[in-house]
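Per this note's numbering, the sequence shown starts with residue 2, numbered consecutively. Beta carbons: idealized from backbone N, C-alpha and C, even for Gly.
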Amino acid sequence: MLLRQMEYLQAVIENGNFYLAAEQCHVSQSAISQQIKKLEDELGVKLLERHNRTFSLTPAGEHFYRKSLIISGDLKHLIRETKKIANNDHAVLRIGYYKGYHGNELSEAIALFSEKYPAVDVEITVGSHEELYHAMENDSIDLAINDQRRAFSDAYRNEILAESNIYIELSAKNPLSKLDTLETDDLKNMPCILVINQAGQQEEQNYYENIIGLHGDFLFADTIQEARLKIITGQGYLPVDVIGEQAWFDTVVSRIPLYRNNQPVRKIYCAFWRKDNSGYYIEDFAEMLHSCFFSISSMVCHPSTAHLTRAGI
2 MLLRQMEYLQ
12 AVIENGNFYL
22 AAEQCHVSQS
32 AISQQIKKLE
42 DELGVKLLER
52 HNRTFSLTPA
62 GEHFYRKSLI
72 ISGDLKHLIR
82 ETKKIANNDH
92 AVLRIGYYKG
102 YHGNELSEAI
112 ALFSEKYPAV
122 DVEITVGSHE
132 ELYHAMENDS
142 IDLAINDQRR
152 AFSDAYRNEI
162 LAESNIYIEL
172 SAKNPLSKLD
182 TLETDDLKNM
192 PCILVINQAG
202 QQEEQNYYEN
212 IIGLHGDFLF
222 ADTIQEARLK
232 IITGQGYLPV
242 DVIGEQAWFD
252 TVVSRIPLYR
262 NNQPVRKIYC
272 AFWRKDNSGY
282 YIEDFAEMLH
292 SCFFSISSMV
302 CHPSTAHLTR
312 AGI
């Protein structure tokens, strides 16, 4: 009963009132109030100060609430591990995503998936486009979130997630930051900074030169933070993928849409998985991922941005 009472207390505090907490816990408001009062009686301390229709936490209540969250988390982990041992279940979903993707949709989808399937481990791999492609071929990952650079292959399930616009991040002190849009030719005298590991540098440079149309010198950074420090110190500009409408409030780095021949430069992001490795977990996760992307992006596909170079992802 103590665990249930802890859950009731947590629900009341997190919802801010007894009515919503009762709805969340699928019990009556009087039942949840009685159980919290019983918890206080068992502990011999007052956890809540009640003020007509509102309440506040006592110092003891604040302490109990914080510790109860830790206990709840530990208990969920214990239950999950116990079930896995009992069922000899070591189910794992292996997800890879493109290093140039910086959105929140993947995190939201993983949170939904883990809530629905707490016994399934989720392993994450970050890589370049080619690294993810080879990881799929070598069965090192189950599903990849990647930008489309090849024609869709019949060997894969290819789920279009969203279309991104490429923006250019550059120092707010740069005169080009005053423009509303930037053409690819406007940037030919500035180094282009790419976030990529050493193994993928040449492949990524070739893509941005030959497909996106950015020419000139190239610099490389291991992380987005390192790249932005290079921007701030005037070493170059960074192309970034933006999905949906994202507010930008940075005062030292400007973000400007990239155009080529007066047309915005776009990419198509997809989820890819092998048909011979398809399964319930993979397909259900892909559906959750699609839902998270769809909530922030209009699913408009521009064929001119799907650069079809060879079969596969």
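- Going by beta carbons, P192 and G237 fall inside the 8 angstroms limit.
- The Cβ atoms of I194 and L144 do not sit closer than 8 angstroms to each other.
- Under the 8 angstroms Cβ criterion, the region 64-77 does not count as touching the region 17-36, having fewer than three qualifying pairs.
- Between the alpha carbons of D122 and L79 lies a distance of about 14 angstroms.
- Shown here, Y118 sits in coil according to DSSP, grouped into three states, outside any helix or strand.
- Residue G104 holds the alpha-carbon nearest to the alpha-carbon of S296 among E132, G104, F219.
- In the DSSP annotation of this structure, the continuous segment of the beta strand (DSSP E) that includes R51 starts and ends at 49-52.
- The residue from V253, A22, E205, E246 with its alpha-carbon nearest to that of R150 is E205.
- Note on geometry: alpha-carbon atoms of N166 and V46 lie some 57 angstroms from one another.
- Taking C-beta atoms as the reference points, L94 and L183 fail to come closer than 8 angstroms.
- Under the three-state reduction of DSSP output, Y66 falls in the helix class.
- In this structure, S172 and G235 form a Cβ contact; the two beta carbons are roughly 5 angstroms apart against a cut-off of 8 angstroms.
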